[in-house]
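In terms of my numbering, the sequence shown is numbered consecutively and its last residue is 584.
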Amino acid sequence: MRHGGNGLKRDIRMSLQQKALLMLIILLLFFCMMFMITTSIIIKKTEDDFKARTSETAVNNVVSTIKASLVNYNYLTRLIMLNDRVVNYLKTEETDREKIYDAREGINEIQSLYSYIDSVYIFRNDGEHVSTGIGEYSININSVERSNILDARGTTVISINGNGTITKKRSKPLLTMSRAIYDINSQKLLGMLMMNISGDVFDDALALQNPSGMCILDRNGTLLCGNKEISALYDRDYDSNSIVYKSIRLGGERKTLTGKLAVKPLVVLCASGKGAEPLPRDTLHALMITLTAFILSAFVCAWFITSNIARPIRNLSEAMERTRSSGWLKKFDTEMPNNEIGRLAESYNSMIEYLNELFNRLLENEKNMQKAEMRVLQEQIKPHFLYNTLETISYMAVQENANKAHDALETLGSFYRNFLSKGDREIPLKRELRITQDYLSLQKLRYGEIFEDEYILDDSTLDYMIPKLILQPLVENCIYHGVRLKGEKCVIRITTCMEESGLQIIVYDSGVGMSADQIKNVLEASEKDDIKGLSGFGLRGTINRIRYYYDYDNIVQIRSEPGEYTEIEIYIPKMRKTKTEGEV
1 MRHGGNGLKR
11 DIRMSLQQKA
21 LLMLIILLLF
31 FCMMFMITTS
41 IIIKKTEDDF
51 KARTSETAVN
61 NVVSTIKASL
71 VNYNYLTRLI
81 MLNDRVVNYL
91 KTEETDREKI
101 YDAREGINEI
111 QSLYSYIDSV
121 YIFRNDGEHV
131 STGIGEYSIN
141 INSVERSNIL
151 DARGTTVISI
161 NGNGTITKKR
171 SKPLLTMSRA
181 IYDINSQKLL
191 GMLMMNISGD
201 VFDDALALQN
211 PSGMCILDRN
221 GTLLCGNKEI
231 SALYDRDYDS
241 NSIVYKSIRL
251 GGERKTLTGK
261 LAVKPLVVLC
271 ASGKGAEPLP
281 RDTLHALMIT
291 LTAFILSAFV
301 CAWFITSNIA
311 RPIRNLSEAM
321 ERTRSSGWLK
331 KFDTEMPNNE
341 IGRLAESYNS
351 MIEYLNELFN
361 RLLENEKNMQ
371 KAEMRVLQEQ
381 IKPHFLYNTL
391 ETISYMAVQE
401 NANKAHDALE
411 TLGSFYRNFL
421 SKGDREIPLK
431 RELRITQDYL
441 SLQKLRYGEI
451 FEDEYILDDS
461 TLDYMIPKLI
471 LQPLVENCIY
481 HGVRLKGEKC
491 VIRITTCMEE
501 SGLQIIVYDS
511 GVGMSADQIK
521 NVLEASEKDD
531 IKGLSGFGLR
541 GTINRIRYYY
551 DYDNIVQIRS
561 EPGEYTEIEI
571 YIPKMRKTKT
581 EGEV
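So this is what it looks like as structure tokens:
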């Protein structure tokens with residue numbers, strides 16, 4: 001029968017190995033498919049990148065050509081505006097044909113330096129102007145364009161046809177460079193200059209690139225030169241100083257449309273459809289060989305992992321199972337290889353040792369908790385407390401009336417009923433407060449009005465679970481070691497609030513206070529000190545019980561000023577709220 005069981009295990013083990021092999025094959029096929037898809041994506045991305053780089057280079061070359069040309073033409077505008085004959089004309093306040101002729105001659109001398117200058121207009125402040133150029137022109141300077149030129153404060157304003165100011169019939173659109181002319185000495189406005197450049201200058205800018213796949217237009221989409229179909233694809237996204245790429249279809253072919261703002265208002269577009277050559281077959285063969293080598297390597301790795309990792313781990317798992325079935329956490333001494341698996345076994349043994357220590361500590365804490373709780377019960381049911389309370393009630397029954405005695409008995413019954421708390425170790429804060437209030441009411445019957453109890457409570461804290469009987473011993477300590485010794489009426493105040501990480505409870509009394517040495521002795525006292533009777537159980541015992549319960553030392557703080565007050569702050573880590581319960 002045992003042999004049959006081992007055979008079944010071997011069958012199961014072989015089945016798992018077959019599943020692992022099947023999973024390996026599926027993964028390899030998946031990786032193969034992903035390899036082919038990735039290769040295809042790489043090829044396509046390579047082609048797209050090539051298109052983008054080609055288009056970007058063409059666009060940048062055209063932009064550079066345009067900017068270089070405009071720098072030269074801008075220099076000519078400076079020569080014209082500084083020409084003495086032009087300045088003399090602008091300073092003349094009346095029509096002087098000789099000065100008009102001189103100004104025109106001065107302009108022609110400069111204009112002849114570049115063949116693409118179509119015409120030049122010089123405007124005086126009184127509206128008179130002098131011009132050069134061959135052809136039929138229509139000119140109408142509106143206030144808007146004049147304002148644009150003057151706002152530039154002498155810098156060049158580039159526009160197409162002067163933004164509608166100048167039009168040449170039967171001609172391509174003109175590139176207009178306008179600027180205000182100021183007296184070089186007084187900086188007084190003398191007039192304006194408009195230099196019109198033939199649109200043929202753009203043809204030369206495209207000639208060195210691919211004219212059929214490019215175009216130059218203004219920001220409004222007006223074609224200046226180049227491919228008309230491409231200009232129809234323009235939108236405001238290309239009105240940018242940075243290169244903009246978009247995928248388009250043009251002539252049934254997928255292309256990359258690249259564009260950029262050259263200088264306001266000129267935009268250059270380029271459509272590139274020719275990508276890089278596909279990867280050579282030799283490269284593809286090399287990739288396939290690499291994939292095959294990868295698959296073979298995967299099988300070798302699978303064998304290596306099975307022999308050197310899977311089998312030792314199985315042995316380790318079986319050893320752990322034997323340890324678990326023994327019913328106790330025991331370290332094992334199974335021989336393991338001197339590698340990571342061996343270190344894993346050592347770590348397991350260390351963990352077992354730590355867990356055993358932790359269990360022992362938890363058991364010790366549980367014992368201490370039970371001792372502390374038993375001492376709380378003993379403190380509260382000890383004869384002198386019952387005797388004092390019953391003696392007080394008896395006196396009330398004789399000296400006063402039965403109603404007050406009845407109320408006192410009700411309070412005593414409520415105190416012990418909540419005190420026992422059905423054997424619960426945790427109770428809601430509101431029930432703990434009820435126990436404390438009943439206790440203080442009973443003490444008032446005995447001691448009279450030597451203290452007032454006050455409560456500042458956060459409603460959100462009342463349903464939080466806390467260890468039973470941690471407040472009553474503290475207020476008892478307030479009465480016997482603080483309030484009674486002061487000889488005057490005092491205040492006992494309980495405050496609760498909810499902080500981000502836990503519940504804060506503060507018990508305050510305006511009694512005789514504590515010295516720094518007394519505080520130190522209370523906080524550093526141990527359970528053995530309480531057993532030896534070095535102090536009253538209430539304060540020290542409660543502090544130790546809270547520490548045992550939460551396994552955290554820094555949970556209670558005491559602040560005091562001798563002769564003035566004592567304040568005990570308890571920090572309870574955040575716990576769950578209690579379920580809705582009936583009043584007890």
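Beta carbons: idealized from backbone N, C-alpha and C, even for Gly.
DSSP-derived helix/strand/coil call for Leu174: When secondary structure is reduced to three states using DSSP, Leu174 falls in the coil class, being assigned neither helix nor strand.
Under 8 Å between C-beta atoms of Ile572 and Ile427: no
Of the residues Thr258, Leu296, Tyr348, Ser212, the one placed nearest Asp48, counting alpha carbons only: Thr258
Backbone secondary structure at Lys260 - three-state DSSP: strand
Simplified DSSP state of Glu98, which is helix, strand or coil: helix
Terminal residues of the beta strand (DSSP E) in which Pro428 lies: 426-428
Other residues of its chain near Asn88: CB distance less than 6 Å, five sequence neighbours each side excluded: Lys99
8 Å contact criterion, which Thr95 and Glu128 should meet: CB distance rounded: About 7 Å separates the beta carbons of Thr95 and Glu128, which is inside the 8 Å limit, making them a contact pair.
Cross-strand partners of Ile139 (DSSP beta bridge): DSSP output for Ile139 lists Ile166 as bridge partner(s).
Presumed contact (8 Å Cβ cut-off) between Thr461 and Leu503, rounded CB distance: 6 Å
Minimum length 3: unbroken beta strand (DSSP E) runs contained in the stretch 180-227: Runs found: 189-197, 214-218, 223-226.
Whole-angstrom C-beta distance between Asn241 and Ala58, which should lie under 8 Å: So it is not a contact: roughly 17 Å between Cβ atoms.
Local conformation of Pro562 per DSSP, three classes: Correct three-state label for Pro562: coil.
Cβ-based neighbour list, Ile149, same chain, cut-off 7 Å, excluding 5 preceding and 5 following: Val157, Ser178, Arg179, Ala180, Met192
Where Cys301 falls, given that 16 or more other Cβ within 10 Å makes a residue buried: exposed
Own chain partners of Glu569 with C-beta closer than 6 Å, once the 5 adjacent residues on each side are dropped: So the list reads Ile506, Gln557, once near-sequence residues are dropped.
Sub-8 Å separation of Asp218 and Ile295 beta-carbons: No, these two residues do not count as a Cβ contact at 8 Å.
Buried or exposed by the 16-neighbour rule on C-beta atoms within 10 Å, applied to Thr292: exposed
Cα-Cα separation between Met498 and Asp459, rounded to whole angstroms: 9 Å
Reference Leu70; option with closest CA among Asn163, Gly251, Ala205: Leu70 has its Cα closest to that of Ala205, out of Asn163, Gly251, Ala205.
contact_flag[the stretch 544-551, the stretch 482-491] where n(CB pairs < 8 Å) is 3 or more: No, because fewer than three Cβ pairs between the stretch 544-551 and the stretch 482-491 fall closer than 8 Å, the two stretches do not touch.
First through last residue of the alpha helix (DSSP H) which encompasses Pro265: Where Pro265 is concerned, there is no enclosing alpha helix (DSSP H), because DSSP gives it neither an H nor an E.
Euclidean distance between Cα positions of Arg540 and Leu344: So the two alpha carbons sit approximately 44 Å from each other.
Bridge-paired residues (DSSP) for Lys255: Ile248
DSSP-derived helix/strand/coil call for Arg493: strand
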